[in-house]
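Q: Numbering-wise (this note's numbering), the sequence shown opens with residue 112 and increments by one.
We treat Cβ as the ideally placed atom computed from N, Cα and C, and that holds for glycine.
Supplied in structure tokens, the structure appears directly below.
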Amino acid sequence: RNPAKGATQTHPAGTSRIHFAAGVIVERSVLYVDITAFAVSVEAVLEPRLRGRPVVVAVQKASRALVYASSYEARQLGIHRGMPLHEARKRCRDLVVLPPNEPLYARATRAMLDILGHYSPVIEPVRYGHAFLDVTGTQRLFGSAVDAAARAQREIRESLRLEATVGVATNKLVSKVASDVTKPRGLQNVRPGYEERFLSPLPVRYLPGVGRRTLEQLDELNVRLIRELAILPLSHLTHLFGRRGVQLHQWAHGIDPRPVQPPVRRPIITEEDTLPEDSNQLFTLRALLFRLVERGCRRLRRYGVTTQRLSLHLRYSDNRDAQGETRLAFPGQMEFEIYPVAEEMLRRLLTRRVRVRSLRLQFKDLRPPSGQLDLFPRETGRLERLVAAVDRIRDRFGENAVRYAHTL
């Protein structure tokens, strides 16, 4: 039976441990912090009248608008992320629909991560309002992992007026599932050695990454609960799912060796912009892309670096995303070098007829110019002089003093 929601649960201790060089043995302690219905909850902080009401976040003006996030009350009516908005309205005539406010969600997530940073520097953000936290070895500062979880939960509530669900376990998998079964709020502790027994009665859908196709394949084998998955031979799972079968076998037994990994911070230049009106006209998207290339290349030259990898992210009007990444043949910092590569990537990403709302272009693998001569020199001197002249004019008279025809 699933633990009671909103309660703090514990299970008998076991043997999951970390061995340090000094001979000290410490139990690994991982928290998963999840602010349920994060986007809606953040909106409700600014507008308290939304609390307790069925609310969704969606782009209403999109022709095929989808639900981006839903409140717990909306979920009880069967309204969930990815559902067409018109269907959600049929399920609830009093549904409140809010437009997405990603800058707000990003600020709230940073505030949450700042609070979690008081308890450990080892934080792995997952998405807005969700993060793993490794508190191994912090007992002298904050007490047990459960104590640290309760303190962090209380601090988030008092400082941000947001309710967090926290799972505590010896690994990322079990802490995530512990949080999931405790929603919409609460704290669940699975003590070492009881990971498999905790997971055993739960449906396999609680395992992260188990989607519809995997569920259908398991259902054909009459496997619906995690304990039924656990008894399948490893050879059978690898035959069905390949390398993914090894992970499923481990997870069914409560084993997850993945460490909590803070994001690697590498210097990146990011340029993004939103269209005045959603559009799928190629010339409009190309003009916006060229403006992003212009701004990014100007920053590259200002910082005295080149780029050799580009990442392009586009968001459609129905809030679905597409992203691609490519490597330049040569490190560059000039529009005429970078734009053709970026435009080709844009063409590859435009696989739907849905209008596009925004573009984000990232310049990666930044490095100083090498100064090495190419084996086959490129005839770029005249264009480089042109770019340098445009930069000088803009430095003196402003960004709009001269513009390329692409952007008009």
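GLN434 lies in the beta strand (DSSP E); which residues open and close that run?
A: From DSSP, the beta strand (DSSP E) with GLN434 extends over 432-443.
Q: Evaluate GLY228 with the Cβ neighbour count: other Cβ atoms within 10 Å of its Cβ, from every protein chain shown; 16 or more gives buried, anything less gives exposed.
A: Classification for GLY228: exposed.
Q: With a CB to CB cut of under 6 Å and the five nearest residues on each side skipped, what residues in its chain are close to ALA433?
A: These residues qualify, in order along the chain: LEU425 and LEU460.
Q: Have a look at LEU351, ASP384 and PHE309 and flag the residue whose alpha-carbon is nearest the alpha-carbon of LEU329.
A: Closest option to LEU329, Cα to Cα, is LEU351.
Q: Alpha carbon to alpha carbon, what distance is there between GLN444 and GLN483?
A: In this prediction, GLN483 scores a pLDDT of 46, lower than 50, which makes its location untrustworthy; the coordinate-derived value is nonetheless stated afterwards. Rounded to whole angstroms, GLN483 to GLN444 spans 15 Å at the Cα level.
Q: If you follow the beta strand (DSSP E) that LEU421 is part of, which residue opens it and which one closes it?
A: 418-427 is the extent of the beta strand (DSSP E) around LEU421.
Q: By how many angstroms is the C-alpha of GLN358 removed from the C-alpha of THR418?
A: Straight-line Cα distance between these residues: approximately 36 Å.
Q: With distances taken from CA atoms, which of THR276, TYR427 and PRO378 is nearest TYR179?
A: For TYR179, the nearest C-alpha among the options comes from TYR427.
Q: With 16 other CB atoms within 10 Å as the buried threshold, where does PHE401 fall?
A: Counting Cβ neighbours within 10 Å, PHE401 comes out buried, since at least 16 surround it.
Q: Is the Cβ-Cβ distance between PRO374 and PRO236 less than 8 Å?
A: Yes, the Cβ-Cβ distance between PRO374 and PRO236 is below 8 Å.
Q: Taking one C-beta from the segment 162-170 and one from the segment 184-195 each time, how about it: are there three or more such pairs within less than 8 Å?
A: Yes: the two stretches touch, three or more of their Cβ pairs being nearer than 8 Å.
Q: Report the residue from HIS191, ARG323, ILE337 and ILE366 whose alpha carbon sits nearest the alpha carbon of LEU284.
A: Taking only the C-alpha atoms, the option nearest LEU284 is ILE366.
Q: Classify TYR230 as helix, strand or coil using the three-state DSSP reduction.
A: TYR230 falls in the coil class under three-state DSSP.
Q: Alpha carbons only, please: which of ARG192, LEU332, ARG272 and ASP245 is nearest the one belonging to PRO370?
A: Comparing Cα-Cα distances from PRO370 to each of ARG192, LEU332, ARG272 and ASP245, the minimum goes to ASP245.
Q: If we call anything under 8 Å between Cβ atoms a contact, is ALA289 one with GLY278?
A: In this structure, GLY278 lies closer than 8 Å to ALA289 by Cβ.
Q: Work out the CA separation of GLN250 and PRO123 for me, nearest whole Å.
A: Caution is warranted here: a pLDDT of 41 is assigned to PRO123, below 50, making its placement in the model unreliable, and the coordinate value is therefore given only provisionally. Spanning the two alpha carbons is a distance of roughly 19 Å.
Q: Given PRO480, which residues of its chain have a CB within under 6 Å of its CB, disregarding the five upstream and five downstream residues?
A: Closer than 6 Å at the Cβ level, and outside the excluded window around PRO480, lie THR417.
Q: With distances taken between CB atoms, is the gap from ARG409 to PRO442 smaller than 8 Å?
A: No, Cβ-Cβ distance for ARG409 and PRO442 is not below 8 Å.
Q: Classify LYS475 as helix, strand or coil using the three-state DSSP reduction.
A: DSSP places LYS475 in strand when its eight states are reduced to three.
Q: Beta-carbon within less than 7 Å of ARG463's beta-carbon, same chain only, minus the 5 sequence neighbours each way: which residues are those?
A: Excluding positions up to five away in sequence, the list reads TYR427.
Q: Is the segment 381-394 close to the segment 341-350, with three or more CB pairs under 8 Å?
A: No: the two stretches stay apart, fewer than three of their Cβ pairs being nearer than 8 Å.
Q: Helix, strand or coil for GLU331? Go by DSSP, reduced to three states.
A: Helix, per DSSP.
Q: What residues in its chain sit with their C-beta under 6 Å from that of GLU307, if we drop five residues either side in the sequence?
A: For GLU307, where only same-chain residues beyond five positions count, the Cβ hits under 6 Å are HIS364 and GLY365.
Q: Should ALA155 be labelled buried (16 or more other beta-carbon atoms within 10 Å of its own) or exposed?
A: Buried.
Q: From the DSSP output, in three-state form, read off VAL301 for me.
A: It is coil, neither helix nor strand.
Q: According to DSSP, simplified to helix, strand and coil, what is ARG468?
A: Of the three classes helix, strand and coil, the one that applies to ARG468 here is strand, per DSSP.
Q: May I ask you to report which of helix, strand or coil DSSP gives VAL523?
A: Not covered by the structure: residue 523. The range shown for the chain is 112 to 519.
Q: Beta carbon of LEU423, beta carbon of LEU472: below 8 Å?
A: Yes, Cβ-Cβ distance for LEU423 and LEU472 is below 8 Å.
Q: For PHE243, list the residues DSSP reports as bridge partners.
A: In the DSSP output, where bridge partners are listed per residue, PHE243 has TYR143 and GLU235.
Q: Ends of the beta strand (DSSP E) at THR276?
A: Looking at the DSSP string, the run of the beta strand (DSSP E) that includes THR276 is 275-280.
Q: Measure the beta-carbon distance from LEU52 to PHE474 and round it to whole angstroms, keeping in mind my assumption that it falls under 8 Å.
A: Since the displayed the chain opens at 112 and closes at 519, residue 52 lies outside it and no answer follows.
Q: Do the CB positions of SER270 and ASP384 come within less than 8 Å of each other?
A: No, the Cβ-Cβ distance between SER270 and ASP384 is not below 8 Å.
Q: Taking just the CA atoms, how far does HIS347 sit from GLY356?
A: Distance between the alpha carbons of GLY356 and HIS347 is about 8 Å.
Q: Where does SER255 sit, in a helix, a strand or coil, going by DSSP?
A: DSSP places SER255 in coil when its eight states are reduced to three.
Q: Please name the residue, chosen from ARG420, ALA263, VAL301 and ASP225, that lies closest to GLU436 on a Cα-to-Cα basis.
A: Ranking ARG420, ALA263, VAL301 and ASP225 by Cα distance to GLU436 puts ARG420 first.
Q: Spell out whether any CB of chain C is found under 8 Å from the CB atom of GLY415.
A: In the structure shown, chain C does not exist; there is a single protein chain.
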